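>
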Amino acid sequence: MHSFQPRRAALARQAVRWLVAAGLLLAVARGPSVLYAQSEGSTYTVVSGDTLGEIAARFEVPLDALVSVNGIADPNQIRVGQQLIIPNADGSLPLAAIPTGTVTANAGDSLAMVANRYGLDPAFVGELNGVSSGARLFPGQPIRLPEEAVPPASLRFGAVVDVELPETLIQGRTGRVYVTAERPVVLSGSWNDRPLTFTSIDAEGLRYFAFLPTHALQEPNVYGLTLGYTTAAGVEVSRSWPVTVEAGSYDFQEIVIPEDRASVLEPDVVQAELAKVIEVWSQASPSLYWQDPFVRPIGAEYATTSPFGTRRSYSVGGISDYHAGQDFGAPVGTPVTAPAPGVVALAEPLIVRGNAVLIDHGRGVFSGYWHMSELQVEPGQWVNAGDLIGLVGNTGLSTGAHLHWELRINGIAVDPTQFLDEGAFGAP
2 MHSFQPRRAA LARQAVRWLV AAGLLLAVAR GPSVLYAQSE GSTYTVVSGD TLGEIAARFE
62 VPLDALVSVN GIADPNQIRV GQQLIIPNAD GSLPLAAIPT GTVTANAGDS LAMVANRYGL
122 DPAFVGELNG VSSGARLFPG QPIRLPEEAV PPASLRFGAV VDVELPETLI QGRTGRVYVT
182 AERPVVLSGS WNDRPLTFTS IDAEGLRYFA FLPTHALQEP NVYGLTLGYT TAAGVEVSRS
242 WPVTVEAGSY DFQEIVIPED RASVLEPDVV QAELAKVIEV WSQASPSLYW QDPFVRPIGA
302 EYATTSPFGT RRSYSVGGIS DYHAGQDFGA PVGTPVTAPA PGVVALAEPL IVRGNAVLID
362 HGRGVFSGYW HMSELQVEPG QWVNAGDLIG LVGNTGLSTG AHLHWELRIN GIAVDPTQFL
422 DEGAFGAP
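So the sequence shown is residues 2 to 429, counted in the working numbering.
1. Can the beta-carbon of Leu376 be found closer than 7 Å to that of Asn395?
2. In terms of residues, what are the limits of the alpha helix (DSSP H) holding Arg240?
3. Is the beta carbon of Tyr209 sitting closer than 7 Å to the one on Leu226?
4. Evaluate Pro243 with the Cβ neighbour count: other Cβ atoms within 10 Å of its Cβ, from every protein chain shown; 16 or more gives buried, anything less gives exposed.
5. Out of Pro140, Phe367, Arg297, point me to the one whose CA is closest to Val281's CA.
6. State the DSSP-derived secondary structure class of Val281, mapped to helix, strand or coil.
7. Please name the residue or residues paired with Pro340 in a DSSP beta bridge.
8. Excluding the 5 residues preceding and the 5 following Asp293 in the sequence, name in chain order all residues of the same chain whose CB lies nearer than 6 Å to its CB.
9. Could you give the distance in angstroms between the alpha-carbon of Arg177 and the alpha-carbon of Ala248?
10. How would you write the range of the alpha helix (DSSP H) that Ala116 sits in, first residue to last?
11. Tell me which same chain residues have a C-beta within less than 6 Å of the C-beta of Pro123, skipping the five on either side of it?
12. For the alpha helix (DSSP H) containing Val68, list its first residue and its last residue.
13. Is it the case that the Cβ atoms of Val378 and Ala331 are separated by a distance below 7 Å?
14. Roughly how many whole angstroms lie between the Cα atoms of Pro336 and Thr103?
15. Using 8 Å as the cut-off, can you tell me whether the region 277-291 makes contact with the region 346-355, which would need three or more C-beta pairs spanning the two stretches below that distance?
16. Check Asp293 in the structure and name its three-state DSSP category.
17. Identify the continuous beta strand (DSSP E) that holds Ala55 and give its terminal residues.
18. Would DSSP call Glu407 helix, strand or coil?
19. Between Gln254 and Thr311, is the Cβ-Cβ spacing less than 7 Å?
20. When the Cα atoms are used, what is the spatial distance from Val47 to Gln84?
21. Does DSSP put Gly127 in a helix, in a strand, or in coil?
22. I need the straight-line Cα distance from Leu432 to Gly127, nearest angstrom please.
23. Can you give me the Cβ contacts of Asn411 inside the same chain, cut-off strictly under 6 Å, excluding the 5 residues immediately before and after it?
24. With DSSP run on the structure shown, which of helix, strand or coil describes Thr311?
25. Which residue's Cα is closest to the Cα of Val384: Phe309, Glu168, Pro340?
26. In this structure, how does DSSP classify Pro143 when only helix, strand and coil are distinguished?
27. For Arg174 and Pro76, what's the separation of their Cα atoms in angstroms?
28. Find out if the Cβ-Cβ distance for the pair Pro143, Thr101 is shorter than 7 Å.
29. Return the Cβ separation of Asp163 and Leu138 in integer angstroms, given the expectation that the two are a contact with Cβ distance under 8 Å.
30. Mark Pro88 as exposed unless 16 or more other C-beta atoms lie within 10 angstroms of its C-beta, in which case mark it buried.
31. DSSP on Pro416, reduced to helix/strand/coil?
32. Decide if Ile1 is buried, meaning its Cβ has at least 16 other Cβ atoms within 10 Å, or exposed.
33. Three-state secondary structure (DSSP) at Ala273?
34. Tell me the rounded alpha-carbon separation between Ala66 and Val81.
35. Do His405 and His372 come within 7 Å of each other at the CB atom, strictly closer than that value?
36. Report back the beta-carbon spacing between Val265 and Leu398 to the nearest angstrom; my notes put them in contact at under 8 Å.
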């Protein structure tokens, strides 16, 4: 995972070096943080004849804390002239010994707001800066933070202080990009020449995410992901990052089409129907209607008969393609239910897809259900996870009773089963 701001991994590494027990970790909302002292400490220079045990006893501090705070690999190997940081009696790191950097406050910021923005304890940041955690700050006021929590100046992106995105994506899978800003911003971006749709995921409007859908046939390579926003001065700024697409492990399948259904694959028929459904799933609703992991749209007793991404050839027309959904074999009449909340965007018989339903889950996310024997919903109807939407069938281009479950994000077909384990914002 790429990130502008290395606070999670870096602070965790510092914690391993500085702290000696789980009891010295302070849990905060955004991740692990070091338990720092709330008073000044001191240093000591090693002289001939010193041992760490004697130094620890002299300053009345735990020996293991002295070893950990100073990153000493072998407690028996200290050298004359070596300068040691003396921890506090509870093993915490003295404020004076903490390497710091500075960030600047925004208009309306309090110290607590700045601390929370960087995943730190407000009381500690207040102590580090000699002010109360609730103090109001003036715009541009420098605030000291632990060095590891401050994004490098060369990597800062104006009001955007943190960008997290995957280093690699697998064909047919969906990644996410997370953006944290110092103030509310209107983000734009593109991935694979398609615009990104950003959604705010916190009450303050400072943290955002967008899906990164990856086509199942996308050529493995390195691609650019671009983000941008408008500065307070009205200037458009943007920046790009590399993301590597890797090949997925997909099987090959040959589909034998019965002669009485071969006409369904006529190019004019296929293209006309595709244009119809594209028009539906190209409309991005302004709200995201779901957050929790999907519920399986058919009973767990019905096995997958053709997984998403399978490379396919058909017995007529010389057609080669891939499977854009997940097929479950089940008897005609088996209930099909909505996997997540949303609005029914399409419910009608189609030639290729048979009796079909498309559900709009918001922000460019649509799920589709093909080949059903009956439709149990109407366009415009709100559905919740588990609501009946239709019955399994064998309509359209189908060689046997089954449910085809499809997921489109920004128009790209992606593996829907990924979201049985992950909510909208990521793994729970």
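C-beta atoms are modelled at their ideal positions from N, C-alpha and C, and glycine is treated no differently.
Remember, predicted model here, so these are calculated numbers, not experimental data.
According to the structure shown:
1. Position 375 of the sequence shown, counted from the start, is the residue given in the question as residue 376. Position 394 of the sequence shown, counted from the start, is the residue given in the question as residue 395. Taking 7 Å as the Cβ cut-off, Leu376 and Asn395 do not qualify as a contacting pair.
2. Counted from its first residue, the sequence shown places residue 240 at position 239. Run containing Arg240: none in the alpha helix (DSSP H); it sits in the beta strand (DSSP E), 237-247.
3. Position 208 of the sequence shown, counted from the start, is the residue given in the question as residue 209. Position 225 of the sequence shown, counted from the start, is the residue given in the question as residue 226. Result no, Cβ atoms of Tyr209 and Leu226 do not sit closer than 7 Å.
4. Sequence index remark: in the sequence shown, residue 243 carries index 242 (1-based). Around the Cβ of Pro243, a 10 Å sphere holds fewer than 16 other Cβ atoms; the residue is exposed.
5. Counting from 1 along the sequence shown, the entry for residue 281 is found at position 280. Looking at the Cα atoms, Phe367 is the closest of the given residues.
6. Here residue 281 corresponds to residue number 280 of the sequence shown, with the count starting at 1. The answer is helix: DSSP assigns Val281 an H, G or I state.
7. In the sequence shown, the residue the question calls residue 340 occupies position 339. Answer is none; Pro340 lacks a bridge partner.
8. Indexing the sequence shown from 1 puts residue 293 at position 292. Gly424, listed in sequence order.
9. Taking the first residue of the sequence shown as position 1, residue 177 is located at position 176. Taking the first residue of the sequence shown as position 1, residue 248 is located at position 247. Straight-line Cα distance between these residues: approximately 18 Å.
10. Reading the sequence shown from its first residue, position 115 is the one you call residue 116. Ala116 -> alpha helix (DSSP H) spans 112-118.
11. For this step, residue 123 is matched to residue 122 along the sequence shown. Ala113, Ala116, Ser134.
12. Working through the sequence shown from its first residue, we reach residue 68 at position 67. Unbroken alpha helix (DSSP H) run through Val68: 64-70.
13. Counting from one through the sequence shown, the residue named residue 378 turns up at place 377. Counting from one through the sequence shown, the residue named residue 331 turns up at place 330. Contact flag unset, no.
14. Mapped onto the sequence shown, residue 336 falls at position 335. Mapped onto the sequence shown, residue 103 falls at position 102. Near 59 Å, if we compare the C-alpha coordinates of Thr103 and Pro336.
15. yes
16. Stepping through the sequence shown from its first residue, residue 293 is reached at position 292. If DSSP states are grouped into helix, strand and coil, Asp293 belongs with coil.
17. Taking the first residue of the sequence shown as 1, we reach residue 55 at position 54. The identity of residue 55 in the sequence shown is Glu, whereas the question assumes Ala. That residue, Glu55, is in no beta strand (DSSP E); its alpha helix (DSSP H) goes 53-60.
18. The residue labelled residue 407 in the question sits at position 406 within the sequence shown. Of the three classes helix, strand and coil, the one that applies to Glu407 here is strand, per DSSP.
19. Position 253 of the sequence shown, counting from 1, holds the residue named residue 254. Position 310 of the sequence shown, counting from 1, holds the residue named residue 311. Contact flag set, yes.
20. In the sequence shown, the residue the question calls residue 47 occupies position 46. In the sequence shown, the residue the question calls residue 84 occupies position 83. Each residue's Cα considered, the two are about 6 Å apart.
21. What you label residue 127 is simply residue 126 of the sequence shown in a count that begins at 1. The answer is helix: DSSP assigns Gly127 an H, G or I state.
22. Residue 432 cannot be examined here, being either before or after the span of the chain that is shown, 2 to 429.
23. Here residue 411 refers to the residue found at position 410 of the sequence shown. The residues are Arg195, Pro214, Gly365.
24. For the purposes of this step, residue 311 is taken as residue 310 along the sequence shown, with counting starting at 1. Coil, per DSSP.
25. By 1-based counting over the sequence shown, the position of residue 384 is 383. Answer by Cα proximity: Pro340.
26. As a first step, residue 143 must be located in the sequence shown, where it is residue number 142. Here Pro143 sits in strand by DSSP.
27. Here residue 174 refers to the residue found at position 173 of the sequence shown. Here residue 76 refers to the residue found at position 75 of the sequence shown. Using only the alpha carbons, I get a separation of about 48 Å.
28. Reading the sequence shown from its first residue, position 142 is the one you call residue 143. Reading the sequence shown from its first residue, position 100 is the one you call residue 101. No. Outside cutoff.
29. Taking the sequence shown and counting its residues from 1, one reaches residue 163 at position 162. Taking the sequence shown and counting its residues from 1, one reaches residue 138 at position 137. No, Asp163 and Leu138 are not in contact; Cβ-Cβ is about 20 Å, not under 8 Å.
30. Counted from its first residue, the sequence shown places residue 88 at position 87. It counts as buried.
31. Numbered from its first residue, the sequence shown carries residue 416 at position 415. Inspection of the sequence shows that residue 416 is occupied by Asp rather than by Pro. It is coil, neither helix nor strand.
32. Beyond the ends of the chain as shown, which are 2 and 429, falls residue 1; an answer cannot be given.
33. In the sequence shown, the residue the question calls residue 273 occupies position 272. Helix, per DSSP.
34. Indexing the sequence shown from 1 puts residue 66 at position 65. Indexing the sequence shown from 1 puts residue 81 at position 80. Approximately 20 Å between the Cα atoms of the pair.
35. Here residue 372 refers to the residue found at position 371 when the sequence shown is read from its first residue. Here residue 405 refers to the residue found at position 404 when the sequence shown is read from its first residue. Cβ atoms of His372 and His405: closer than 7 Å.
36. By one-based count along the sequence shown, residue 265 stands at place 264. By one-based count along the sequence shown, residue 398 stands at place 397. The pair is a contact, with the Cβ atoms about 5 Å apart (cut-off 8 Å).
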